[in-house]
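Novice: After the structure tokens below, expect a handful of questions from me.
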Amino acid sequence: MTFLSPETNRQTVSRAEILTRCRLEITTLDESWLAVLHKELSKPYFLNLKKFIKTEINNGKRIFPPLQDIYSWSRHTPLDSVRVVILGQDPYHGPNQAHGLAFSVNPPTPPPPSLRNIYKGIAIDYPDFVVPKSGLLTPWANRGVLLLNTCLTVQAANANSHAGKGWETFTEEVLKAAVKARPSGICFLAWGNPAYARMQKIRPSSEHLVLRSVHPSPLSASRGFFECNHFRKANEWLFEKYGPAGVVDWALQTGNKLQAIELLLDPAKQQQLKELETLLADDDDEDDDEIPPTTTKN
Numbered sequence: 012m013t014f015l016s017p018e019t020n021r022q023t024v025s026r027a028e029i030l031t032r033c034r035l036e037i038t039t040l041d042e043s044w045l046a047v048l049h050k051e052l053s054k055p056y057f058l059n060l061k062k063f064i065k066t067e068i069n070n071g072k073r074i075f076p077p078l079q080d081i082y083s084w085s086r087h088t089p090l091d092s093v094r095v096v097i098l099g100q101d102p103y104h105g106p107n108q109a110h111g112l113a114f115s116v117n118p119p120t121p122p123p124p125s126l127r128n129i130y131k132g133i134a135i136d137y138p139d140f141v142v143p144k145s146g147l148l149t150p151w152a153n154r155g156v157l158l159l160n161t162c163l164t165v166q167a168a169n170a171n172s173h174a175g176k177g178w179e180t181f182t183e184e185v186l187k188a189a190v191k192a193r194p195s196g197i198c199f200l201a202w203g204n205p206a207y208a209r210m211q212k213i214r215p216s217s218e219h220l221v222l223r224s225v226h227p228s229p230l231s232a233s234r235g236f237f238e239c240n241h242f243r244k245a246n247e248w249l250f251e252k253y254g255p256a257g258v259v260d261w262a263l264q265t266g267n268k269l270q271a272i273e274l275l276l277d278p279a280k281q282q283q284l285k286e287l288e289t290l291l292a293d294d295d296d297e298d299d300d301e302i303p304p305t306t307t308k309n
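Counted the way this note's numbering counts, the sequence shown spans residues 12 to 309.
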């Protein structure tokens, strides 16, 4: 039953109807996220969004990702585990691609062009990175990398078809919740103007790091994405903030060990490196102290 609130003269919805309309959110959002986002589910914009999606489905429109995967980002990356956020735009709109994680695709679908460029970017930062044949990024999500699209659904073969329907407001609240849950700092990778505009809107404090670059799409990647070094810079900042526990292992291939990351994760190797740097510095000082012989011309 719907009714008008006498105080605001706005349409409100009964609790029972909210529970019915938002059953998907209640059953598939991770508990940690649901606890901080549940108030959004009863707001007019979100109820209108749910109504829009239901109408799309009733009219025979195919929606990506599958409904049960819309919030898979929350299940792979619980709120208290978020260290890095990679912002996408809207899900892939082809079959057997989108599964709720930005830029990621389910096997056996090969990596799309933007993801192939992301792999190239990692290989520049970490030359021993083995480029996988798969485009599945769940290992990153499980390691604390929130792979979040600004818009969480799309109509098949119709890019940006669900833009402006309410998802942007909801995912903005997701970002705010992540910032609030980790005030000591999150690294945000904002690729492309829409992602950067989103970060400007939530205005994280100086404790957080926002790394900006062009989008990895083939249309723009050559204009600076391959030179941005975001994967290495993110880890350097996370290591400075949190030590070895903050470092993200970007490897995706089983058995692929990235030496630069292994060094950060191994305190003994770090100590050896510091000792070596000290010895080299001492040698340089001794060389500087030597007085070169004076040559006199007769």
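Where a beta carbon is used, it is the ideal one built from N, C-alpha and C, also for glycine. Since the structure is predicted, the reported quantities are computational estimates derived from the model, not experimental observations.
Going by CA-CA distance only, name the one from Ser25, Pro229, Ala109, Ile64 that's closest to Gly177.
Specialist: Ile64
Novice: Give me, in chain order, the residues of the same chain whose beta-carbon lies closer than 7 Å to that of Leu276; leave out the 5 immediate sequence neighbours on both sides.
Specialist: Pro255, Val258
Novice: Taking only the alpha-carbon atoms, compute the straight-line gap between Ala292 and Tyr137 and give it to the nearest angstrom.
Specialist: 26 Å
Novice: Buried or exposed: which applies to Arg26, given that a residue is buried once 16 or more other Cβ atoms fall within 10 Å of its Cβ?
Specialist: exposed
Novice: Assuming Leu90 contacts Ala152 (C-beta within less than 8 Å), just tell me the rounded distance between them.
Specialist: That belief does not hold up - the Cβ atoms of Leu90 and Ala152 are roughly 13 Å apart, past 8 Å.
Novice: Can you find the residues in the same chain that come closer than 6 Å, C-beta to C-beta, to Lys72, ignoring five residues on each side of it along the sequence?
Specialist: Gln166
Novice: Given Lys280, which residues of its chain have a CB within under 8 Å of its CB, disregarding the five upstream and five downstream residues?
Specialist: Glu273, Leu274
Novice: Which value, in whole angstroms, describes the spacing of the CA atoms of Trp84 and Glu36?
Specialist: 12 Å
Novice: Do you know offhand how far Leu30's Cα is from Thr265's?
Specialist: 42 Å
Novice: Do you know offhand how far Tyr253's Cα is from Leu287's?
Specialist: 24 Å
Novice: Whose C-beta lies closer than 7 Å to the C-beta of Asn20 among residues of the same chain, with five residues either side of it excluded?
Specialist: Low local confidence applies: a pLDDT of 42 at Asn20 is under 50, so the model's placement there is unreliable, and no value is given.
Novice: Please check if any C-beta of chain B sits within less than 9 Å of the C-beta of Leu35.
Specialist: Checking the listed chains, one finds no chain B in this structure; it contains a single protein chain.
Novice: Please confirm whether Phe242 and Ser224 have their CB atoms less than 9 Å apart.
Specialist: Contact flag unset, no.
Novice: Going along the chain, which unbroken runs of the alpha helix (DSSP H) with 4 or more residues stay wholly within the region 73-98?
Specialist: You should have 83-87.
Novice: When we look at the beta-carbon of Asn117 and count the other beta-carbons within 10 Å, is it buried (16 or more) or exposed?
Specialist: buried
Novice: In this structure, how does DSSP classify Ala189 when only helix, strand and coil are distinguished?
Specialist: helix
Novice: Please classify Gln100 as buried or exposed, where buried requires at least 16 neighbouring CB atoms within 10 angstroms.
Specialist: buried
Novice: Identify the residues that DSSP records as bridge partners of Ala201: which are they?
Specialist: Leu98, Arg223
Novice: Run through DSSP, which three-state label would Gln108 get?
Specialist: coil
Novice: So, are the CB atoms of Glu183 and Arg209 less than 9 Å apart?
Specialist: yes
Novice: With a threshold of 7 Å on Cβ separation, who are the neighbours of Leu52 within its own chain once the five nearest residues in sequence on each side are excluded?
Specialist: Correct list, in chain order: Ile29, Cys33, Glu36.
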